[in-house]
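Presented below is the structure to which this report refers.
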Amino acid sequence: MNLERIDAVRVRIPREEQRGMRSDVIVYASEAIIEQIRKDLSLEQAMNVATLPGIVGASLAMPDIHQGYGFPIGGVAAMDWETGVVSPGGVGFDINCGVRLVRTTLAAEEVRPRMRELVDQVFRDVPCGTGGEGPVRINKPQLDQVLAKGAEWMVENGYGEPRDAEFTEERGRMEGADPGQVSERAKERGRPQLGTLGSGNHFLEIQRVERVFDTEAARAMGMEEGQAVVLIHCGSRGLGHQVCTDYLAQMGAAMKRYQITLPDRQLACVPIHSPEGQAYLGAMRAAANFAWANRQAILHFLRGSFERIFGRQVRLDLVYDVCHNIAKRERHRVEGEVRDVLVHRKGATRAFPPGHRDLPDSYRHIGQPVLIPGSMGTASWVLTGAEGAMQETFGSVCHGAGRLMSRTAARQGRNAREVQKRLEEQGILVRSETRDGILEEVPEAYKDVDEVIEVVHQAGLACKVARLRPMGVIKG
Amino acid sequence: MFEVLEHTADIGFRARGRTLEGVFESAAEALVALALEVDDIAARECYTLAAEGEDLESLLVNWLSEVLYWLDGRRVGLRRFEVKEITSGRVAAEGFGEPLGPAHHRAKLVVKGVTYHQLRIVQDERGWVAEVYLDI
Chain A
365 MNLERIDAVR
375 VRIPREEQRG
385 MRSDVIVYAS
395 EAIIEQIRKD
405 LSLEQAMNVA
415 TLPGIVGASL
425 AMPDIHQGYG
435 FPIGGVAAMD
445 WETGVVSPGG
455 VGFDINCGVR
465 LVRTTLAAEE
475 VRPRMRELVD
485 QVFRDVPCGT
495 GGEGPVRINK
505 PQLDQVLAKG
515 AEWMVENGYG
525 EPRDAEFTEE
535 RGRMEGADPG
545 QVSERAKERG
555 RPQLGTLGSG
565 NHFLEIQRVE
575 RVFDTEAARA
585 MGMEEGQAVV
595 LIHCGSRGLG
605 HQVCTDYLAQ
615 MGAAMKRYQI
625 TLPDRQLACV
635 PIHSPEGQAY
645 LGAMRAAANF
655 AWANRQAILH
665 FLRGSFERIF
675 GRQVRLDLVY
685 DVCHNIAKRE
695 RHRVEGEVRD
705 VLVHRKGATR
715 AFPPGHRDLP
725 DSYRHIGQPV
735 LIPGSMGTAS
745 WVLTGAEGAM
755 QETFGSVCHG
765 AGRLMSRTAA
775 RQGRNAREVQ
785 KRLEEQGILV
795 RSETRDGILE
805 EVPEAYKDVD
815 EVIEVVHQAG
825 LACKVARLRP
835 MGVIKG
Chain B
556 MFEVLEHTAD
566 IGFRARGRTL
576 EGVFESAAEA
586 LVALALEVDD
596 IAARECYTLA
606 AEGEDLESLL
616 VNWLSEVLYW
626 LDGRRVGLRR
636 FEVKEITSGR
646 VAAEGFGEPL
656 GPAHHRAKLV
666 VKGVTYHQLR
676 IVQDERGWVA
686 EVYLDI
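If you read the protein sequences in the order shown, they are chains A and B. For the first sequence, our numbering assigns the number 840 to the last residue and increments by one with no breaks. For the second sequence, our numbering assigns the number 691 to the last residue and increments by one with no breaks.
This is the structure in structure tokens:
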């Protein structure tokens, strides 16, 4: 494979590399990272994405890229709104998997002595949902409301504060959601799961702001060194997963009618303006709203947990909430021209720069907060979107560290109790519903998040604001 | 009867069967065994399952998606399957198991979906082999 290094953090795969590629692939990666990336099929997948009809600009790969199905995870691809295609594989099974950062009025050192109590309390109040029903009981008509109104419905019904919606991407409610395009099966899976974390790499972490790099931006977000914060990472649960399953099946069958042939079946797609395309977008937005409602519910229960342990005077406020599996209609400048595009972000986060009108007033001068969860036992990051992202990546950046090791490999030669003990020695308390939940998420199973952040910072896509370290971890 | 296949982010399995019906049964059992502790499930009740697909690959994916729907949507754990009929485009089967309850059934993995990633369903000298990756 012909990789042309552009500079220390950018690599190009020219379109001539593979027949059918309509554009180049641009990979944001240092030398060390590109060597890791080459070990799986991510770059082949990024090249396949470049074959999609209507692609605008390059097929983009973030430094945390790893192989997915069809589209790689950590990929961004924009399609011309009029002539391009929409692909559920470019969004992912977990529609609106995303991250919510919550600041507290407590110092980390006030929380640490009571961490075990707090972790146990949160473990009770925010279920993983692998067992029975979640804590939010809604009937079918209410579920349709949740799909239409997202986090807004939760706030209206007592699960949060009005300002929570203001500090959420899309205000926690995407326009154009169509609950009617979400199947009965998806609703059946999702309805009992509202207010649950899920499993795998989803988690809730109580963290310490270890270091601030940009005091002005941190101040605007209400953050400072030594503060206790909470990071929540989860998605649309079974509802989103089923929506993706349903539409992949539908589109797989429909593609022939649109005479689309692709190098990989998993790139199943249809024209944006086809009935199938519009149906998927309506369902996807509804599923995205479900995920925002879910993260809003979890914030509500988290507030309850903190109140029980620390009393009523403690405040938890939302810093921001971002999604990293989504497709959005946006306007971007491409080669000097303003164009309407559908931006697929699969394992990639929106990163709008200072001045963008879609930002809350209090963040407009600093840019959009970008929240990057690390693995349990390493670090998470807060960044702000920069102008470079708007110019090069359709306002997008990475979403995490990316896995290095398969789950089987991560389990080998390790035992959960030892891993737990090792983390405790580092001051990190973990409570997992399953033993495998600890083993498979060990820090060594992931790429170095600091290196990933360094690449996006150097590339001018986003700017470092703060590094966060876990103290207590709740997961499935 | 299955083995686990390595994948960086997700998980896969290779299932075998002497017949096409047999490999569909093994594949379904593999999916359930990755998601739950199968030993916790008693084969108390019989449920009817069906799936369609325009070719063998999509039939397999849709069949496994059906089993996943029973696990996560209907909250029923199925430990054993009997495929009654596979014709071109359709599979009809019975699944044996019981409703899931958190007190009795231990979850292992949340399976988000069944993918086409490096999907294989082929015949070899021993019968049929299916290789499937699951998004988790």
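Glycine included, each C-beta is placed from N, C-alpha and C at the ideal position.
Asked: Counted within 10 angstroms of its Cβ, other Cβ atoms place A:GLY439 as buried (16 or more) or exposed; Found: buried
Asked: For A:HIS664 and A:MET518, the rounded distance between their alpha carbons; Found: 9 Å
Asked: Selection from A:LEU723, A:ARG676, A:LEU631, A:ALA643 that minimises the alpha carbon distance to A:GLY456; Found: A:LEU631
Asked: Minimum length 4: unbroken alpha helix (DSSP H) runs contained in the segment 737 to 761 of chain A; Found: 751 to 756
Asked: Inter-residue CB distance, A:ILE429 and A:ILE419 (contact presumed, cutoff 8 Å); Found: 17 Å between Cβ atoms; not a contact.
Asked: Below-8 Å beta-carbon distance, B:LEU614 vs any chain A residue; Found: no
Asked: Burial state of A:ASP489, where buried means 16 or more other Cβ atoms lie within 10 Å; Found: buried
Asked: Cα-Cα separation, A:GLU548 to A:LEU558; Found: 16 Å
Asked: Where the alpha helix (DSSP H) containing A:PRO505 begins and where it ends; Found: 504 to 513
Asked: Straight-line Cα distance separating A:GLN506 from B:HIS626; Found: Sequence inspection shows Leu at residue 626 of chain B; the His mentioned does not correspond to that position. One C-alpha to the other measures close to 24 Å.
Asked: In DSSP terms, what B:TRP683 is bridged to; Found: B:GLY572, B:GLN678
Asked: Where A:ASP725 falls, given that 16 or more other Cβ within 10 Å makes a residue buried; Found: exposed
Asked: Within 8 Å, strictly: CB atoms of A:ARG464 and A:ILE596; Found: yes
Asked: Exposed unless 16 or more other CB atoms sit within 10 angstroms - verdict on A:ARG721; Found: exposed
Asked: Under 8 Å between C-beta atoms of B:LEU589 and B:LYS663; Found: yes
Asked: CB contact flag (A:GLY462, A:ASP685, <8 Å); Found: yes
Asked: Supposed contact pair A:GLN431 and A:SER406 - C-beta distance, whole angstroms, cut 8 Å; Found: 5 Å
Asked: DSSP three-state assignment for A:THR447, whether helix, strand or coil; Found: coil
Asked: With 16 other Cβ atoms within 10 Å as the buried cut-off, status of A:ASN689; Found: buried
Asked: Interface positions of the segment 760 to 786 of chain A facing chain B (Cβ-Cβ less than 9 Å), listed along the chain; Found: GLY766, ARG767, LEU768, MET769, SER770, ARG771, THR772, ALA773
Asked: Assigned secondary structure, A:MET835 (DSSP; H/G/I helix, E/B strand, else coil); Found: strand
Asked: Own chain partners of A:ASP528 with C-beta closer than 8 Å, once the 5 adjacent residues on each side are dropped; Found: ALA515, VAL519, GLY536, GLN660, LEU663, LEU682
Asked: Limits of the unbroken alpha helix (DSSP H) element including A:HIS605; Found: 601 to 618
Asked: CB contact check: B:VAL559 to chain A, cutoff 8 Å; Found: yes
Asked: Chain B contact for A:GLY454 (CB, 8 Å cutoff); Found: no
Asked: Sub-8 Å separation of A:GLY731 and A:THR798 beta-carbons; Found: no
Asked: Beta-bridge partners of A:LYS692, as assigned by DSSP; Found: A:VAL707
Asked: Closest Cα partner of B:LEU633 within the set B:THR642, B:GLU640, B:LYS639, B:LEU623; Found: B:LEU623
Asked: Contact set between A:HIS605 and chain B, taken where Cβ atoms lie within less than 7 Å; Found: LYS667, GLY668
Asked: Contacts of B:THR563 in chain C (Cβ-Cβ under 8 Å); Found: Absent here is chain C; the protein component of the structure consists of chains A and B.
Asked: Buried versus exposed, by CB contacts within 10 Å (16 or more), B:ASP594; Found: exposed
Asked: is_contact[B:TYR602, chain A] using C-beta, thresh 8 Å; Found: no
Asked: In chain order, each alpha helix (DSSP H) run of at least 4 residues that lies wholly inside the segment 576 to 649 of chain B; Found: 611 to 627
Asked: DSSP state of A:MET426 mapped onto helix, strand, coil; Found: strand
Asked: Within-8 Å CB hit, A:THR560 to chain B; Found: no
Asked: Backbone secondary structure at A:PHE577 - three-state DSSP; Found: coil
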